[in-house]
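The numbering used here numbers the first residue of the sequence shown as 10 and each following residue consecutively. Think of the CB as a built atom: it goes at the ideal place given N, C-alpha and C, for glycine as much as any other residue. Bear in mind that the values here come from a model prediction, so they are computed numbers and not experimental data. Written out below as structure tokens is the structure these notes cover.
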Amino acid sequence: MDAEELAARWRERLESWAIPPRILANAPVDPWGHSPVRFAARTDRALAEPDDGPTMTRLAEALPEGGTLLDVGAGTGAASLPLHERIGHLHAVDTSAAMLAELAVRADKLGVAHTTVEGRWPDAAEQVPVADVTVAAHVVYNVPDLAGFLRALDERTSGRVVIELTHRHPMSWLAPLWEHFHGVNRPVRPIAEDCVALAAALGYRVNVEEREAPLERFSSLEELAAGACRRICLDPSRAEEVAEAALSLGMWPLPRERWVTIWWE
């Protein structure tokens with residue numbers, strides 16, 4: 010299968026994750042939204058407890074001291090700021106101004122020179138210079154045009170491109186609750202192998218490493234239930250009901266995810 014066919018299949022599979030309109034219309038909050046506070050806490054933990062997994066290893070060994078690092082879908086900087094001792098300049102791209110503001114606060118404290126660009130990749134690609142190394146962590150499942158996304162990463166990188174993603178769609182864990190509360194079956198694909206196949210079809214000499222996620226998704230059943238209410242479009246008042254369902258469905262404790270690192274020169 011060629012790159013065009015793989016890209017179309019990725020888009021179709023990703024579109025199958027759309028929430029049925031009848032359910033989305035009654036959602037009390039945006040089910041796809043992310044909390045800058047929670048992302049910032051993850052970044053703070055990444056700074057306090059440096060990760061020696063494949064993503065950080067491949068970034069660190071490729072980034073020259075004082076080099077330029079491009080972080081696409083940067084969030085609050087969890088995938089880039091831990092490299093602060095090596096970074097000469099950080100270019101961070103994200104659609105959320107609130108996330109970038111949290112990143113900027115931490116970059117300033119660490120003494121990291123940085124430029125933030127609010128925008129969607131690859132639309133924002135022309136606003137950043139070519140970097141020594143590029144990272145895009147936990148963002149590709151939000152990207153319908155994955156071929157264009159990957160090409161822009163490659164074009165804006167002189168050295169190494171590193172991508173981190175979960176093996177399965179990050180909302181896959183909710184499948185039993187979707188079926189329980191709404192009678193909706195969630196998709197299985199796309200998965201990390203689909204991203205790898207497309208990158209290879211585009212001509213990149215892809216390397217792949219996989220491991221167990223270093224972090225638990227939730228610290229308590231109550232936290233899981235609160236998060237699930239948002240994701241499956243239920244009122245927060247039903248959190249206790251969701252917690253009981255999660256227990257009865259064998260969802261607690263949640264097994265750790267598998268994280269995949271994809272990289273090429």
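Buried or exposed by the 16-neighbour rule on C-beta atoms within 10 Å, applied to residue i
{"i": "TRP182", "result": "buried"}
{"i": "MET10", "result": "exposed"}
{"i": "VAL46", "result": "exposed"}
{"i": "SER89", "result": "buried"}
{"i": "ARG54", "result": "exposed"}
{"i": "VAL149", "result": "buried"}
{"i": "PRO199", "result": "buried"}
{"i": "VAL269", "result": "buried"}
{"i": "GLU266", "result": "buried"}
{"i": "ALA201", "result": "buried"}
{"i": "TRP130", "result": "buried"}
{"i": "ASP141", "result": "buried"}
{"i": "ALA145", "result": "buried"}
{"i": "ARG31", "result": "exposed"}
{"i": "LEU23", "result": "buried"}
{"i": "ARG214", "result": "exposed"}
Sheet register partners of residue i (DSSP bridge)
{"i": "ASP103", "result": "GLU127"}
{"i": "ASP80", "result": "ALA101 and VAL144"}
{"i": "LEU174", "result": "VAL269"}
{"i": "ARG169", "result": "VAL142"}
Segment limits, beta strand (DSSP E) that includes residue i
{"i": "ALA140", "result": "140-146"}
{"i": "VAL217", "result": "216-221"}
Start-to-end residues for the alpha helix (DSSP H) that takes in residue i
{"i": "THR85", "result": "Taken as a continuous stretch (DSSP letters only), THR85 belongs to no alpha helix (DSSP H), as it is neither H nor E."}
{"i": "HIS191", "result": "184-191"}
{"i": "PHE227", "result": "Where PHE227 is concerned, there is no enclosing alpha helix (DSSP H), given that its DSSP letter is neither H nor E."}
{"i": "ASP163", "result": "155-164"}
{"i": "LEU15", "result": "12-24"}
{"i": "MET180", "result": "Premise fails: MET180 is in no alpha helix (DSSP H) and is neither H nor E."}
{"i": "PRO282", "result": "As shown, the chain starts at 10 and ends at 274. That puts residue 282 outside it, with no answer to give."}
{"i": "GLU250", "result": "248-257"}
{"i": "ALA57", "result": "45-57"}
{"i": "LEU68", "result": "63-71"}
{"i": "ILE32", "result": "30-33"}
{"i": "ASP203", "result": "201-210"}
Beta-carbon separation (whole angstroms), residue i vs residue j, contact threshold 8 Å
{"i": "LEU68", "j": "LEU92", "result": "6 Å"}
{"i": "MET180", "j": "ARG240", "result": "6 Å"}
{"i": "ALA36", "j": "CYS242", "result": "4 Å"}
{"i": "LEU162", "j": "THR143", "result": "5 Å"}
{"i": "TRP261", "j": "LEU233", "result": "7 Å"}
{"i": "GLY12", "j": "THR52", "result": "According to the sequence displayed, residue 12 carries Ala and not Gly. Not a contact, Cβ separation roughly 34 Å."}
{"i": "ARG95", "j": "GLU74", "result": "5 Å"}
{"i": "CYS238", "j": "ARG247", "result": "6 Å"}
{"i": "TRP19", "j": "ASP203", "result": "6 Å"}
C-beta neighbour in chain D for residue i, strict 8 Å
{"i": "GLU188", "result": "The structure shown has no chain D; it contains just one protein chain."}
Contact test: residue i Cβ vs the ligand COA heavy atom, cutoff 7 Å
{"i": "PRO138", "result": "The ligand COA is not part of the structure shown, which contains no ligands of any sort."}
- Message: Using a Cβ distance threshold of 8 Å, determine whether the segment 167-177 contacts the segment 128-137, with at least three qualifying pairs required.
- Response: no
- Message: For the segment 184-203 against the segment 80-95, do three or more pairs of beta-carbon atoms, one drawn from each stretch, fall closer than 8 Å, so that the two count as touching?
- Response: no
- Message: Using 8 Å as the cut-off, can you tell me whether the segment 197-213 makes contact with the segment 148-158, which would need three or more C-beta pairs spanning the two stretches below that distance?
- Response: yes
- Message: Could you check whether the segment 13-27 touches the segment 49-68, counting it as contact only if at least three pairs of C-beta atoms, one from each stretch, sit closer than 8 Å?
- Response: no
- Task: Please determine if the segment 101-112 and the segment 239-257 are in contact, where contact requires at least 3 C-beta pairs separated by less than 8 Å.
- Result: no
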